[in-house]
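Residue numbers (this note's numbering): 859 to 1071.
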């Protein structure tokens, strides 16, 4: 029996993901079944399950393959090391998150990511198992942590002078970003396009936060 190479396995997984993407263009995530993917790929059930243990594993792999999450990390790091003023850096970092969410919504992979967020929002077991695997969630968390770290460091240096308790600022930023991401996810599942609003809302967040400092 010929040896199965890693390249062969990768090609098979990529084909399954391509088929998944075609299906997700035709119907919402919540109505997709493993049988849909088996039929589209033309594989037996056994072959599909040889590569992916569940539909959720396919979603995670598909989303991670089709969302350029590393770009947000790079953008945030570049801004934090730029020659802009401290408040300009903070403002641009916040706006960068808005642009990132906007860009995700323009792709099937990004919309699928938001759909999955809504689909498992109230299933704690599924959410805890799946969300940490999503590079989108990791990048968003990275950006939020970097921004909060930057704010706290500049308060300690005496550059920022908070008008309200820092805990309140932290809660305000996190609640706003999580709320916008959730709103984008809901819009994605309903086929709505709120991308223009997202950019404006993050600009408003940037003005509000810098105003607190």
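For glycine and all other residues, C-beta sits at the position ideal for the given N, C-alpha and C.
With a threshold of 16 other beta carbon atoms within 10 Å, residue 942 falls short and is exposed. In the three-state DSSP reduction, residue 1028 falls in the helix class (H, G or I).
The Cβ atoms of residue 920 and residue 973 lie no closer than 9 angstroms to each other. Taking C-beta atoms under 8 angstroms as the contact rule, residue 925 and residue 994 qualify, at a distance of about 5 angstroms. Runs of alpha helix (DSSP H) with 4 or more residues, each lying fully within the region 896-962, are found at 903-909, 913-923, 928-938 and 944-962, listed in chain order. Between the region 948-955 and the region 1060-1069 there are three or more C-beta pairs closer than 8 angstroms, enough to call the two in contact. Around the Cβ of residue 1002, a 10 Å sphere holds 16 or more other Cβ atoms; the residue is buried. Note on residue 911: under 16 other CB atoms within 10 angstroms of its CB, so exposed under the neighbour-count rule.
A contact is defined here as three or more CB-CB pairs under 8 angstroms, and the region 981-995 fails this definition with respect to the region 1020-1034.
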